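Engineer: To start, I am sharing the structure in question, which I have written as C-alpha cells.
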Amino acid sequence: MGYLHLVQQSFLAAQGEQRMVREESIPALRGDIKDRHNEALAVSSPVKSLWLNPKLFDVANTQKLASSLGLSGKKLARRLKRNHKEGFMYVKRHLPPEQADKVLALKLAGLFSETEYRRFYPASEVTSHVVGMTNIDGKGQEGLELAYDDWLQGAPGQQRVVKDLLGNVIKQLNVSAIAKSGNELKLTLDLRLQYLAYRELKAAVQTHKASWGSAVLLDAKNGDILALVNRPSYNPNNRATLHAEDMRNRALTDMIEPGSTMKAFTVAAALKKGKYRANSVINTSPGYMRVKHKTIRDHRDYGRLSLTNIITKSSNIGVTKLAHDMGAEHLWGLLHAAKLGQTTALGFPGEVVGRLPYPQKLDKLGLATLSYGYGLAVTPLQLAQAYTAFANKGCLHEARLILTNTQTHCEQIMPASVAKDITQMLETVTQKGGTGTRAKVAGYRVGGKTGTSHKVGKEGYQDSEYSAIFAGIAPISDPRFVLVVVIDQPQGQEYYGGEVAAPVFGRIMEGALRTLQIAPDQSQDFHIAEVSSL
C-alpha cells in the first residue's frame with residue numbers, strides 16, 4: 003500500500019509539473035550601433051512587458067491594475083471586453099523592471115510578464131536620420147536600423163520552464179536553443195562632429211526660417227562620412243511625437259538643382275579637354291547673352307575673365323561659353339564620372355537617384371543651363387561625394403558610412419593637375435572679391451563654391467524660392483574635409499548661398515579642423531596669381 007502511495011504521489015507530481023511546463027522564447031540582444039570612436043548611438047536595455055490572460059483575470063481588479071500603471075480604467079475595461087475570449091493581451095510594454103515588479107507584487111490572477119529589450123538612442127535627434135529606429139517589437143523601421151536589420155537583430159533562444167499560477171518562473175528545465183546576440187555596427191561618423199554640424203545647421207534653419215537644411219561632412223582622404231545631419235529632425239526615443247516629414251533623411255532623399263556649385267565641374271571639364279588653362283581668358287561682355295528663347299545673365303558685366311575669375315565671380319556667361327565650346331558629350335562625361343545623378347554605394351533606405359540628362363537630349367540651351375547647375379538634380383550627399391575628386395588629386399572616393407578595415411574605392415576622374423587648378427580657383431571664392439568670403443576660417447586656407455538655385459514649382463521656376471548652397475574643401479594646402487551645406491527656402495532678405503550657407507560652412511569647418519587638431523596653414527595670406535578682369 004505504501005509503495006502504491008509513493009508511486010501515485012510521484013505520478014501526480016509529474017502530472018502537475020507537466021501542466022505548468024511552458025516553452026518560452028529567450029529574447030536576443032540586438033547589436034549596438036557605435037560611432038568610429040565607440041560612442042554608443044543605439045543600445046538595447048532589458049525591460050519587462052506586462053500581459054493579461056483575460057480568461058483568468060478578475061474584472062473587479064481592472065481599476066486597481068490601471069491605477070498601478072497610470073492607465074485609464076475605462077479604456078482598460080473596454081480592451082478587456084474586446085479580448086475576453088483571447089488568452090493573451092498586452093497591458094503595458096517596455097516598463098523598467100522595478101516598476102513591473104511592483105505591479106506583479108499585487109498578485110493579480112491572470113497578470114504575467116515577459117522580458118524584452120528596448121532600443122535607446124543616446125544622441126537622440128542628432129543622429130536619428132542616420133541611425134534610424136526600431137518599432138516596439140525591435141524590428142528596424144528607419145535608417146541603418148532597417149538597412150542592417152538582419153545583421154543587428156540576432157536570433158532568439160528557446161527554453162522549457164516551470165511556472166507557478168502567477169506566471170513566475172520557479173524552475174528552469176533546459177535550454178533547447180541559446181539566444182544569439184546581434185552583431186555590432188560601427189559607423190564612420192564622429193559623434194563630436196555630428197553634434198557640431200547639427201548645432202550649426204539647426205541654428206541656421208531657425209534663423210533663416212528655412213524649410214529644411216542638410217550638411218554632409220566627408221573625409222577627403224577616403225570618403226568616410228564624418229557627419230550627416232538634417233533639420234528638421236526627430237527624437238526616436240519618443241514615438242508619440244513622430245511626424246513623417248521630420249523623418250526624411252533629406253541629405254539622401256531630397257533632390258536639389260546644385261546651381262553654381264556645378265561651375266567647378268564645367269571649368270574642370272574645359273581644363274581636362276586640354277584647350278584651356280587656368281589663365282585662359284573668356285570675354286563675358288556685355289554680361290548677358292541670348293540662347294534660343296532665353297537670356298542668360300551675370301550679375302553685371304565682368305568683361306574679360308580668366309577661368310579662375312569665372313569661378314571667383316561665378317559667371318554664367320563664362321561657363322556657358324566653355325560648355326558650348328567643349329560640347330555636351332565632354333561635359334556630361336565628367337558629371338557622370340563624378341557620379342552625379344546616381345545613387346551612392348550606401349544602400350540607404352529611400353535614397354533617390356537624382357537626375358542627369360543624357361547628352362543627346364541637350365540642345366544649346368540645355369547645355370548652357372547644365373553648365374551652371376540647372377536641369378540636373380542631385381542630393382547633398384552626391385554633391386559632397388563629387389567634390390572629393392577636387393580634394394583628392396582628381397580621384398573620387400565613394401562615400402561610406404560603415405567603418406571597415408578594407409580600402410575604399412577611388413576612381414580617377416580627372417588629372418591631378420586639373421584638380422589642383424580647381425582647388426586653387428575655389429580658394430579665390432573665399433577671398434576678397436569672391437562670392438563666398440563668409441566661409442573663411444581664420445588660420446586655414448579654405449576653398450569652395452557658392453550656389454543659389456531657384457526652386458521649381460507647378461508653373462516653372464519660382465522667383466522668390468531658393469536653395470542656398472555651399473560646397474567646399476579645407477585646408478586647400480592638404481585637403482582633409484569636404485563639406486556641403488544646403489539651406490532650403492530661406493526667408494527674409496538673405497537667400498544667396500554666400501549669405502546663408504557659407505557662414506554655416508565656415509563654422510562647421512572651423513570646428514572640425516580644431517576638433518581633429520589639423521595644423522593651421524603657415525600663412526593665411528596665401529595669394530593666387532590670376533588674370534584680372536579686363
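My numbering numbers the first residue of the sequence shown as 3 and each following residue consecutively.
Cβ coordinates follow ideal geometry from the N, Cα and C atoms, glycine included.
For clarity, every value in this text was computed on a predicted model and none was experimentally measured.
For A325, which of K366, V420, L78, G289 has the nearest alpha-carbon?
Structural biologist: Counted from its first residue, the sequence shown places residue 325 at position 323. Nearest C-alpha to A325: K366.
Engineer: What's the call for A340, buried or exposed, on a 16-neighbour Cβ count within 10 Å?
Structural biologist: Mapped onto the sequence shown, residue 340 falls at position 338. By the neighbour-count rule (16 or more Cβ atoms within 10 Å), A340 is buried.
Engineer: Mind checking N394: buried by the 16 CB within 10 Å criterion, or exposed?
Structural biologist: Along the sequence shown, read from residue 1 onward, the residue named residue 394 stands at position 392. So N394 counts as buried.
Engineer: So, are the CB atoms of L538 and L309 less than 9 Å apart?
Structural biologist: Here the chain comprises residues numbered 3 to 536, so residue 538 is not present and cannot be evaluated.
Engineer: What's the C-alpha gap between Q20 and K94?
Structural biologist: Numbered from its first residue, the sequence shown carries residue 20 at position 18. Numbered from its first residue, the sequence shown carries residue 94 at position 92. With a pLDDT of 48 at Q20, under the threshold of 50, the modelled position of this residue cannot be trusted, and the question is left open.
Engineer: Give the straight-line distance between the Cα atoms of G499 and E41, rounded to the nearest whole angstrom.
Structural biologist: Within the sequence shown, the letter at position 497 stands for residue 499. Within the sequence shown, the letter at position 39 stands for residue 41. The straight-line gap from Cα to Cα measures roughly 34 Å.
Engineer: Quickly, what does DSSP pair E116 with across the bridge? List them, please.
Structural biologist: Counting from 1 along the sequence shown, the entry for residue 116 is found at position 114. In DSSP, E116 forms a bridge with S51.
Engineer: Only counting the same chain, and skipping five residues up and downstream in sequence, which positions put a Cβ closer than 6 Å to that of Q409?
Structural biologist: Counting from 1 along the sequence shown, the entry for residue 409 is found at position 407. Excluding residues within five positions, none has a Cβ falling inside 6 Å.
Engineer: Consider the C-beta atom of R250 and the heavy atoms of the ligand GDP; say whether any pair is separated by less than 8 Å.
Structural biologist: The model on display carries no ligand, and the ligand GDP is accordingly not part of it.
Engineer: Find out if the Cβ-Cβ distance for the pair R32, T190 is shorter than 9 Å.
Structural biologist: Start at 1 with the first residue of the sequence shown, and residue 32 comes out as number 30. Start at 1 with the first residue of the sequence shown, and residue 190 comes out as number 188. No; because the gap between Cβ atoms is not below 9 Å, this pair is not in contact.
Engineer: Tell me which same chain residues have a C-beta within less than 6 Å of the C-beta of T345, skipping the five on either side of it?
Structural biologist: For this step, residue 345 is matched to residue 343 along the sequence shown. The answer, listed in chain order, is E353, V355.
Engineer: In chain order, what residues of the same chain lie with their CB nearer than 8 Å to the CB of I415, ignoring the 5 residues before and after it?
Structural biologist: For this step, residue 415 is matched to residue 413 along the sequence shown. If we look at I415 and ignore the five residues flanking it on each side, its Cβ neighbours are L336, A339, A340, A391, G396, C397, L398.
Engineer: Mind checking which residues open and close the beta strand (DSSP E) that includes R516?
Structural biologist: Counting from 1 along the sequence shown, the entry for residue 516 is found at position 514. Note, R516: premise wrong, no beta strand (DSSP E); alpha helix (DSSP H) at 499 to 517.
Engineer: Report the CB separation of A503 from V487 in whole angstroms; it is logged as a contact under 8 Å.
Structural biologist: To locate residue 503, count along the sequence shown from 1; it is residue 501. To locate residue 487, count along the sequence shown from 1; it is residue 485. At roughly 4 Å, the Cβ-Cβ gap stays under 8 Å, so A503 and V487 are in contact.
Engineer: Using the rule of at least 16 other Cβ atoms within 10 Å of the residue's Cβ for burial, across every protein chain shown, is R80 buried or exposed?
Structural biologist: Counting from one through the sequence shown, the residue named residue 80 turns up at place 78. R80 comes out exposed.
Engineer: In the DSSP assignment, the alpha helix (DSSP H) including D365 goes from what residue to what residue?
Structural biologist: As a first step, residue 365 is located in the sequence shown; it is residue number 363 there, counting from the start. Unbroken run through D365: none, as it is neither H nor E.
Engineer: Taking C-alpha atoms, which residue in L67, P359, A386 lies nearest to S373?
Structural biologist: Translated into positions along the sequence shown, residue 373 becomes position 371. Selected option, being the one with the closest Cα: P359.
Engineer: In three-state DSSP terms, what is K94?
Structural biologist: To locate residue 94, count along the sequence shown from 1; it is residue 92. Residue state, collapsed to three classes: strand.
Engineer: Assuming the contact rule is C-beta atoms closer than 8 Å, G140 and T454 should be a hit. Round their C-beta distance to whole Å, please.
Structural biologist: Sequence index remark: in the sequence shown, residue 140 carries index 138 (1-based). Sequence index remark: in the sequence shown, residue 454 carries index 452 (1-based). Between T454 and G140 the Cβ distance is about 45 Å, and since that is not below 8 Å, they are no contact.
Engineer: CA-CA distance, Q519 and L228?
Structural biologist: The residue given as residue 519 occupies position 517 in the sequence shown. The residue given as residue 228 occupies position 226 in the sequence shown. Roughly 15 Å between the two C-alpha positions.
Engineer: Excluding the five sequence neighbours on either side, which residues of its own chain have a C-beta within less than 6 Å of the C-beta of Q491, listed in chain order?
Structural biologist: In the sequence shown, counting from the first residue as 1, residue 491 sits at position 489. Same-chain partners within the cutoff: A212, S213, E467.
Engineer: M257 to V231, Cα distance in whole Å?
Structural biologist: Taking the sequence shown and counting its residues from 1, one reaches residue 257 at position 255. Taking the sequence shown and counting its residues from 1, one reaches residue 231 at position 229. For M257 and V231, the distance between alpha carbons rounds to 15 Å.
Engineer: Report yes if the CB atom of A217 is closer than 9 Å to the CB atom of A253, and no otherwise.
Structural biologist: Within the sequence shown, residue 217 is the residue found at index 215, counting from 1. Within the sequence shown, residue 253 is the residue found at index 251, counting from 1. In contact: A217 and A253 (Cβ atoms closer than 9 Å).
Engineer: Suppose the cutoff is 6 Å on Cβ atoms and the five residues either side in sequence are ignored; what does the same chain contact list for I478 look like?
Structural biologist: The residue given as residue 478 occupies position 476 in the sequence shown. Once the five neighbours on either side are set aside, the close Cβ partners of I478 are T425, E429, R447, G449.
Engineer: In this structure, what does DSSP give as the bridge partners for G453?
Structural biologist: Within the sequence shown, residue 453 is the residue found at index 451, counting from 1. DSSP, once it has assigned bridges, lists I471 as partnering G453.
Engineer: Could you tell me whether the Cβ atoms of K50 and L97 are closer together than 9 Å?
Structural biologist: Here residue 50 is taken as the residue at index 48 of the sequence shown, counted from 1. Here residue 97 is taken as the residue at index 95 of the sequence shown, counted from 1. Their beta carbons are under 9 Å apart, which means K50 touches L97 by this criterion.
Engineer: Using only CA atoms, which one of G142, S126, G305, V45 lies nearest to E186?
Structural biologist: Counting from 1 along the sequence shown, the entry for residue 186 is found at position 184. Considering only alpha carbons, the answer is V45.
Engineer: Pop quiz: V506 and A476 are said to be a contact at Cβ under 8 Å. What is the actual Cβ separation, rounded to whole angstroms?
Structural biologist: Counting from one through the sequence shown, the residue named residue 506 turns up at place 504. Counting from one through the sequence shown, the residue named residue 476 turns up at place 474. Not confirmed; about 14 Å, so no contact.
Engineer: Check whether the Cβ atoms of H86 and N251 sit closer than 9 Å, and answer yes or no.
Structural biologist: For the purposes of this step, residue 86 is taken as residue 84 along the sequence shown, with counting starting at 1. For the purposes of this step, residue 251 is taken as residue 249 along the sequence shown, with counting starting at 1. Contact flag unset, no.
Engineer: Which word fits A62, buried or exposed, when buried means at least 16 other C-beta atoms lie within 10 angstroms of its C-beta?
Structural biologist: The residue labelled residue 62 in the question sits at position 60 within the sequence shown. Exposed, because fewer than 16 other Cβ atoms sit within 10 Å of the Cβ of A62.
Engineer: Quick check on A521: buried or exposed, where buried means 16 or more other Cβ atoms within 10 Å of its Cβ?
Structural biologist: The sequence position of residue 521 within the sequence shown is 519, counting from 1. Its Cβ having fewer than 16 others within 10 Å, A521 is exposed.
Engineer: I need the DSSP call for K36, collapsed to helix, strand or coil.
Structural biologist: Counting from one through the sequence shown, the residue named residue 36 turns up at place 34. In the structure shown, K36 sits in a strand (DSSP, three-state: E or B).
Engineer: To the nearest angstrom, report how far apart D523 and G445 are at their CA atoms.
Structural biologist: Position 521 of the sequence shown, counted from the start, is the residue given in the question as residue 523. Position 443 of the sequence shown, counted from the start, is the residue given in the question as residue 445. Cα to Cα, D523 sits roughly 6 Å from G445.
Engineer: When the Cα atoms are used, what is the spatial distance from Q65 to L110?
Structural biologist: As a first step, residue 65 is located in the sequence shown; it is residue number 63 there, counting from the start. As a first step, residue 110 is located in the sequence shown; it is residue number 108 there, counting from the start. Taking the straight line from one Cα to the other gives about 12 Å.
Engineer: If G159 sits next to S183, beta carbons under 8 Å apart, how far is it from one beta carbon to the other, in whole angstroms?
Structural biologist: Here residue 159 refers to the residue found at position 157 of the sequence shown. Here residue 183 refers to the residue found at position 181 of the sequence shown. Actually they are not in contact, since the Cβ atoms of G159 and S183 sit about 10 Å apart, beyond 8 Å.
Engineer: Could I get the ranges of all uninterrupted beta strand (DSSP E) runs contained in the stretch 391 to 440, with 3 residues as the minimum, in chain order?
Structural biologist: Runs of the beta strand (DSSP E) inside the stretch 391 to 440: 397 to 399, 412 to 414.
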